[in-house]
Structure formats: structure tokens, C-alpha cells
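For the sequence shown, the UniProt record's numbering assigns the number 1 to the initial residue and increments by one for each residue that follows.
Even glycine gets a Cβ: it sits at the ideal position worked out from N, Cα and C.
Inspection log for the structure reproduced underneath, given as C-alpha cells.
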Amino acid sequence: MSSKQQNELDTATQEKIIDLFDNEAIWDADDTDGYIIQVFHELKAAGAKIATLKDQGWNTLLHTASLWNRSKIMEELIRRGAPLNEKNKNGHTPLDLAMHWGHFEMGQQLRHYGGKHTCEKERDIAISQRDLAQQQLKNCELEYEHAVGSLKRAKQEREQLRIERDRLVVLRAQVVEDCASLANQVEDFRSAVVSLTKERDALHIQNAHLQSELVCEQTARNNAVQSWKMAEKVIAELQQIQEECREREEEALRLRNEAIHDRDVARERAKEAQLDQGIAKQNQMELERERDQAIERLLQNESEVTHDKEKWRKLMAKIELERRNIQIEIDRQTEILRCENEKLEKTVTTLTVSNTRQNADIERSQLTILTMERQLGRYKQELGTVTEQNTKLKEQVGALLEERRLEYKSWRTQLEIKMQQEFSDDLKRILEAVITTWKALQTCQQHMSTLNVTTAQPRASSPSRTPAIMSSIFQNQRPHTSATGSGNSGFLPFIQEAPATGLKGSISTSVLSEPSQLSDIVSDAVLTDREQAIVDHRAQAEAALKDLSIGMTSEQIVQLCTFVQTFVGDVTAYISANLQRLRRRAHAQDKIIERKGELIQRFTHHREEKAKRQSPARFRDCSVRPLL
Numbered sequence: 001m002s003s004k005q006q007n008e009l010d011t012a013t014q015e016k017i018i019d020l021f022d023n024e025a026i027w028d029a030d031d032t033d034g035y036i037i038q039v040f041h042e043l044k045a046a047g048a049k050i051a052t053l054k055d056q057g058w059n060t061l062l063h064t065a066s067l068w069n070r071s072k073i074m075e076e077l078i079r080r081g082a083p084l085n086e087k088n089k090n091g092h093t094p095l096d097l098a099m100h101w102g103h104f105e106m107g108q109q110l111r112h113y114g115g116k117h118t119c120e121k122e123r124d125i126a127i128s129q130r131d132l133a134q135q136q137l138k139n140c141e142l143e144y145e146h147a148v149g150s151l152k153r154a155k156q157e158r159e160q161l162r163i164e165r166d167r168l169v170v171l172r173a174q175v176v177e178d179c180a181s182l183a184n185q186v187e188d189f190r191s192a193v194v195s196l197t198k199e200r201d202a203l204h205i206q207n208a209h210l211q212s213e214l215v216c217e218q219t220a221r222n223n224a225v226q227s228w229k230m231a232e233k234v235i236a237e238l239q240q241i242q243e244e245c246r247e248r249e250e251e252a253l254r255l256r257n258e259a260i261h262d263r264d265v266a267r268e269r270a271k272e273a274q275l276d277q278g279i280a281k282q283n284q285m286e287l288e289r290e291r292d293q294a295i296e297r298l299l300q301n302e303s304e305v306t307h308d309k310e311k312w313r314k315l316m317a318k319i320e321l322e323r324r325n326i327q328i329e330i331d332r333q334t335e336i337l338r339c340e341n342e343k344l345e346k347t348v349t350t351l352t353v354s355n356t357r358q359n360a361d362i363e364r365s366q367l368t369i370l371t372m373e374r375q376l377g378r379y380k381q382e383l384g385t386v387t388e389q390n391t392k393l394k395e396q397v398g399a400l401l402e403e404r405r406l407e408y409k410s411w412r413t414q415l416e417i418k419m420q421q422e423f424s425d426d427l428k429r430i431l432e433a434v435i436t437t438w439k440a441l442q443t444c445q446q447h448m449s450t451l452n453v454t455t456a457q458p459r460a461s462s463p464s465r466t467p468a469i470m471s472s473i474f475q476n477q478r479p480h481t482s483a484t485g486s487g488n489s490g491f492l493p494f495i496q497e498a499p500a501t502g503l504k505g506s507i508s509t510s511v512l513s514e515p516s517q518l519s520d521i522v523s524d525a526v527l528t529d530r531e532q533a534i535v536d537h538r539a540q541a542e543a544a545l546k547d548l549s550i551g552m553t554s555e556q557i558v559q560l561c562t563f564v565q566t567f568v569g570d571v572t573a574y575i576s577a578n579l580q581r582l583r584r585r586a587h588a589q590d591k592i593i594e595r596k597g598e599l600i601q602r603f604t605h606h607r608e609e610k611a612k613r614q615s616p617a618r619f620r621d622c623s624v625r626p627l628l
């Protein structure tokens, strides 16, 4: 009896309760049922609760009735609400005591009213846990089927994404080809700009020559007014042509810059598409790896559940075989069942965690698929805009080239007409300048011969100074360049005739002698012969000038044209050499820009990876046990 009840009841009632539990003679007699029931009425009248009374061993009155096989007392106690499965200090229920002492009818009555063995209670708990595990297993199987279905759908979507990726790769290749064609067109446009620049420089040189010759003509002739007016008209037309060329050149440069900008934009778009393709492939590989891990976990859980089922089946068979000795084996079976219960709880927790983790993985895969679909839509729009821009740029470049070709053709025809009209006057002025140069050279040679006549014989190689003077005069008149050879630089060509004919003859042709040939001729002759040769060349040049003014010979004009062409060739070689250097510099600048773009892409990728490492998926990292 508990201490609280002892405090509430008086001494007489407590003595009755103690006597009721300890008096074995009352319980052992067969005709004492009425007396015990009367004691129950007295104790209830005294305020005691019959159903909850216990002795020092926590045995209730129902335990005592089961021990002494008193069925009437047991029925009375059950009607008064006594608990059927209450345990004493040893953990025994009334049914355990009745069956242990061989009171089978009493045990059947208790079992009929709901009494149970201690092992049956543990078994019921195990069976309920097993049913719960089976239910959870069924739920896991359903979730597994759902996961397999979602995996199949993900495979189908992945196949669709792969087809879309192949299509994007083909579109990217087309964009790269278009960019290459645009680059070729830009190179052609640059070459056209270079040719226009050369022509502009030639026009500048011709303009300078024309201005100097017009000034000389004004001071030398009486009819300079008319020729001056004509020269002003020519200069105005040339300036207008130069202004038009400059405007066209500026427009060409602007279009070239726009083409380069569009090409860079197309390259950046292609690089972004390639980067997004790599990210999509990486996400796909991660999804496949997570899917394999989920399948492995499901298979492992299924094997554990089947193993637990087999183990429980063996345990139940063992319990059925050992029911006769249940009292002896009850402690050991209780401990075994407790351990198995803990294992089942662990398996249930692992299954719950795996279920939540699989749900999170499925949601994550759905989010990644949605983001990839959005990215594909954006890429389609960008590719459409790029193709439209490429078509517009091609149309503009074609129209510009056609317009430029027509303008160049018309300008070339006008220029040829004007140059044919002015060519004879220009050649005449050139011949006069050459004659004055030869006269100055002759006076220099005469002074040199008078100063040092005695040392003329030992210095056999001194005649080579005359080409040096001519070389200095010629180098002051033209720009220096490294493209010409060492044998052709620094010498002014002389006009020679065939040895058997004169200038006046119709078969006579003026020949431009090379500087090496002139140096050989002068070095073999003595000083007086050289002076005589210079006088002869001057006479021949004057005769050629007279013939040119008369207009009889055209072969001399051809020779003078070759002289002018050599001068223009030197200028062209200088410009072409500098142009190669400028092209190499532009190519190096393009490579630097591409390298900067690659570095920016790497930096962006590194920053994204760093952000991913700083903020990982916390639930996945916390829920999965690390591999040892």
C-alpha cells in the first residue's frame, strides 16, 4: 500500500488491508469468498480504493486472487475496475502468476477479460513496430516508384535538352562562320582603305609638284595668267577630290569600327553560349550521380528491411517453441526485444532521413531543369538578334562597296582624262629640271678638275663622286625607305641613246641607264672624257626637250614615265613596309583583347566556384554520414 493511502486511512483500516494481503488461511480456504467480498465492502465504506490497493511487492488484490485461484474474487475486482495488466516488482501480471502456478481456467478467464502475458505485451509492441516498418517500407516503395518515374521523365527531358544543345552547337558554328566572313570583309575593306590612302598621297605629291611648277611658270612666261587660272581650277578640283576622299575614308573607318564591334559582340555571345553549355553538362552529371546514390540507398534500405523481416520470423518461431519455459527465458527475451527495438528505431529514422533527402533532391532537380529551360529561351532570342544584325551588316557592307566601286570608277575616268591633258606640260617641266641639275653637276666637276689637276691620275676611283653628288640630290627629293635595294638607291638615271643613231631619228630611243652602269662608264674614262660625256648628255637632253615640245617622239615620254614610276615605287614600298608593321600591331592588339576576355571568363568562373564553396547545400551535408 502506498504512503499516501496510509496517511489517509485510519489504523483499523490499515490493519484490515495488511491482514487481507498477508493472511494466507483466508485465501487458501474454499468457502471464504463471501467473507473477502464483505471485507471489500467495509474497506470501500472506509474510503479505500479496492482497485489500486498494493502490498510491499506491488502486488494488487487481482495478483493475490490469481495466485490463489479465486475466480469469484477476480470477477468482483474486475467489476470494481482493477487493472488487468498491472505489474508487480518482478514485472509479472496477474495472468503470468495464474499460468505459472497452473491455474489454467483462471488464466483463460483473465485472457478473456483482456489480460496478457508480459512477453505478449512485448510481442504486441514488436508486431506493431513491424507493421509500422512494413507500412513505411510500402511508402518507401511507392516513393521509389515515383522517383523512378521522375527519373525516366528527367532522362526524356535530358534527351530533349541534348537535342537542343546540338542545335545550339550548329547555330554557334554558323555564327562563327559568319564572324569569319565578316572578318574577311573587314580585311578587304582595309586593303581598299590602304589603296585609297596611297592614291591620296600620290595626289598630294602631284599637287605639290603642280604648285611649284605653276610658280616657276608665272615668273618665266608672259602668258602666266591663263595658265595660272587653269592651275587654280585644277587645284580646286583636286582639293574637292581630296575632301571627298577624306569623307569617304572617315565613313569607311566608321563602318569598319562598327563591324569590329559587332564581331566582338558575336564572339562574346558565342563564348557565353559555350560556357552555359558546359554548366548545363556539369549539372546533368551531378543529377546522374545523385540519382545513382539515391538508388543505392534505396537498395540498401530494402535489403536491411528484408533482413529484419527474416530475423523477426526466426524470433517468432523461437518464441513459439519456448512458450512453455516463458518464465525462465523472459528476462533474456526482454533484453533481446529491447535491442531489436532500438535497431528498428534506427532503421526507421534512416528511412525517414533518406525519404526527406530524396524529396529534396527531386525538388532541386526540378529547379535546375526550370533554370535550364529559361536559359535556352534566352539563348534562342539572342541568336535571333545576332542573325538579324549579321544580315543587316552584310547588306550595308555590300551597298557601301558597290557605291564605292562606282564612285571610284567615275573618279578614275575623270582623273585619267585630266592627267592626259596635263601630262605633256609636266614632262616638259621635269626635263627642264633635269637639264638644270646636269648643268650644276658640270660646273661642280669643272671646279674639281681645276683645283686638283695634278692628282687626277693616281685617283682612278675618284669619278665615283659624281654619282654620290647625284645620290645626295636624289635622296633629298624623295623619302627614305628600307624596301629598295642597295644598288638602286642614291643614283639619278641618265638618258642615253643608241650608239648608231641620233635624237632626231625616228628609230632613236632614249634609255634609262642604271646607276651601276653609269659608275662603270665614268670610272673607266679620264676626267676630260667624263666632262665631254656630261656635255653630250646635256645636249641629248636638250634635244629630247625640243623633240618633246615639238611632239615628234613618244618613246622618250615612256622613258620619263618609267623614271616617275620608280620614284612612286619607292614611296609605295615605304608605305607598304609601314603598313605591315601597323597590321602586326593591330593583330597583337586583337590578341591582347582576346586574352583579356579569357582572363575575365576565368575570373568569373573562379568567383562562382568560390561562392558555391562558401554556401553549400546545408541539409545534404548535415544529413549524409561522411564516408570513412
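Worksheet item: Taking the alpha-carbon positions, what's the residue 77 to residue 110 distance?
Response: Taking the straight line from one Cα to the other gives about 12 Å.
Worksheet entry | Cβ shell of residue 208 (< 6 Å), same chain only, five flanking positions each side left out | Listed in chain order, the non-local C-beta contacts of residue 208 below 6 Å within the same chain number zero, local neighbours out to five positions each way being set aside.
Worksheet item: What residue does the alpha helix (DSSP H) around residue 86 start on, and which one ends it?
Response: For residue 86, there is no enclosing alpha helix (DSSP H), as DSSP marks it with neither H nor E.
Discussion item. Can you find the residues in the same chain that come closer than 7 Å, C-beta to C-beta, to residue 43, ignoring five residues on each side of it along the sequence?
Written reply: Result list for residue 43: 13, 16, 17 and 50, in chain order.
Practice prompt. Round the Cβ separation of residue 60 and residue 91 to the nearest angstrom and send it over; I've been treating them as touching at under 8 Å.
Written response: The pair is not a contact, with the Cβ atoms about 14 Å apart (cut-off 8 Å).
Practice prompt. Report the rounded CA-to-CA distance for residue 57 versus residue 336, giving the unit in angstroms.
Written response: Distance between the alpha carbons of residue 57 and residue 336: 26 Å.
Practice prompt. Compare the beta carbon distance of residue 266 and residue 169 with 7 Å and say whether it is the shorter of the two.
Written response: By the CB criterion at 7 Å, residue 266 and residue 169 fall outside the cutoff.
Discussion item. When you compare the region 337-344 with the region 152-170, are there three or more beta-carbon pairs, one atom per stretch, that lie closer than 8 Å?
Written reply: Fewer than three beta-carbon pairs drawn from the region 337-344 and the region 152-170 are found closer than 8 Å, and the two stretches are therefore not classed as touching.
Worksheet item: Three or more C-beta pairs closer than 8 Å, one from the region 381-401 and one from the region 181-190: is that the case here?
Response: Contact holds: three or more Cβ-Cβ distances are below 8 Å.
Item to complete: May I have the straight-line CA-CA distance separating residue 10 from residue 35, to the nearest angstrom?
Response: Cα-Cα distance, rounded: 21 Å.
Worksheet entry | Residue environment, residue 113, which counts as buried when at least 16 other CB atoms sit within 10 Å | By the 10 Å Cβ count, residue 113 comes out exposed.
Item to complete: Hey, could you find the ends of the alpha helix (DSSP H) residue 70 is sitting in?
Response: Where residue 70 is concerned, there is no enclosing alpha helix (DSSP H), given that its DSSP letter is neither H nor E.
Discussion item. Can you find the residues in the same chain that come closer than 6 Å, C-beta to C-beta, to residue 280, ignoring five residues on each side of it along the sequence?
Written reply: Same-chain partners within the cutoff: 372.
Discussion item. With a threshold of 8 Å, are at least 3 pairs of Cβ atoms found where one atom belongs to the region 354-373 and the other to the region 289-309?
Written reply: Contact between the region 354-373 and the region 289-309 is present, because at least three Cβ pairs lie under 8 Å.
Worksheet entry | Close beta carbons around residue 256, own chain, < 8 Å, minus the five adjacent residues each side | By the criterion of a C-beta distance shorter than 8 Å, residue 256 is surrounded in its chain by 186, 189, 190 and 193, once the five residues flanking it on both sides are discounted.
Fill in: Through-space distance from residue 609 to residue 618, alpha-carbon basis
The pLDDT assigned to residue 618 is 49, lower than 50, so where the model puts this residue is not dependable; a value taken from the coordinates is nonetheless given after this. Answer to the nearest angstrom: the Cα atoms are 16 Å apart.
Discussion item. Quick check on residue 155: does DSSP put it in helix, strand or coil?
Written reply: Three-state DSSP puts residue 155 in a helix.
Discussion item. Can you tell me where the alpha helix (DSSP H) holding residue 49 begins and where it ends?
Written reply: Per DSSP, residue 49 lies in no alpha helix (DSSP H) and is assigned neither H nor E.
Practice prompt. State yes or no: is the C-beta of residue 270 within less than 7 Å of the C-beta of residue 379?
Written response: Taking 7 Å as the Cβ cut-off, residue 270 and residue 379 do not qualify as a contacting pair.
Discussion item. Could you tell me the alpha carbon to alpha carbon distance between residue 311 and residue 350, rounded to whole angstroms?
Written reply: One alpha carbon belongs to residue 311, the other to residue 350, and they sit about 19 Å apart.
Worksheet entry | Cutoff 7 Å; reference residue 284; Cβ partners in own chain excluding five residues on either side | Apart from the 5 residues on each side of it in sequence, residue 284 sits with its Cβ closer than 7 Å to the Cβ of 158 in its chain, given in chain order.
Worksheet item: When the distance is taken between beta carbons, is residue 106 closer than 7 Å to residue 71?
Response: Contact flag set, yes.
Worksheet item: residue 64 by DSSP, collapsed to three states: which one?
Response: DSSP places residue 64 in helix when its eight states are reduced to three.
Discussion item. My output table needs one value for residue 259: the three-state DSSP class, helix, strand or coil.
Written reply: In the structure shown, the three-state DSSP call for residue 259 is helix.
Worksheet item: How about residue 393 and residue 262: do their beta carbons lie closer than 7 Å?
Response: Taking 7 Å as the Cβ cut-off, residue 393 and residue 262 qualify as a contacting pair.
Practice prompt. With hydrogens ignored, establish whether the beta-carbon of residue 169 is closer than 6 Å to any heavy atom of the ligand MN.
Written response: This structure lacks the ligand MN; in fact it carries no ligand of any kind.
Fill in: Length of the line joining the Cα atoms of residue 236 and residue 601
If you draw a straight line from the Cα of residue 236 to the Cα of residue 601, it is about 55 Å long.
Worksheet item: Who are the Cβ neighbours of residue 459 in its own chain at under 7 Å, not counting the five residues just before and after it?
Response: Note that residue 459 scores a pLDDT of 43, beneath 50, so its modelled location is shaky; the value from the coordinates is reported in the next line. So the list is empty, once near-sequence residues are dropped.
Practice prompt. Below 8 Å on the Cβ atoms is my guess for residue 341 versus residue 129; work out the distance and round it to an integer in Å.
Written response: By a beta-carbon distance limit of 8 Å, residue 341 contacts residue 129. Their separation comes to about 6 Å.
Worksheet item: Using CA coordinates, which residue listed in 296, 241, 136 and 295 is at the minimum distance from residue 411?
Response: A check of alpha carbon separations from residue 411 across 296, 241, 136 and 295 identifies 241 as the nearest.
Practice prompt. Inspect the beta-carbon positions of residue 313 and residue 354 and report whether they are closer than 7 Å.
Written response: Note that the C-beta distance between residue 313 and residue 354 is not below 7 Å.
Worksheet item: Relative to the C-alpha of residue 216, which residue among 595, 607, 253 and 432 is closest?
Response: The residue with the shortest Cα to Cα distance from residue 216 is 432.
Worksheet item: Closest by CA to residue 358, which one among 147, 229, 154 and 418?
Response: Of the candidates 147, 229, 154 and 418, the residue whose Cα lies closest to the Cα of residue 358 is 147.
Practice prompt. Give the DSSP-derived three-state secondary structure of residue 82 in the structure shown.
Written response: Coil, per DSSP.
Practice prompt. Put residue 484 into one of helix, strand or coil per three-state DSSP.
Written response: Caution applies to residue 484, whose pLDDT of 39 falls short of 50 and renders its modelled position unreliable; the model cannot decide the point.
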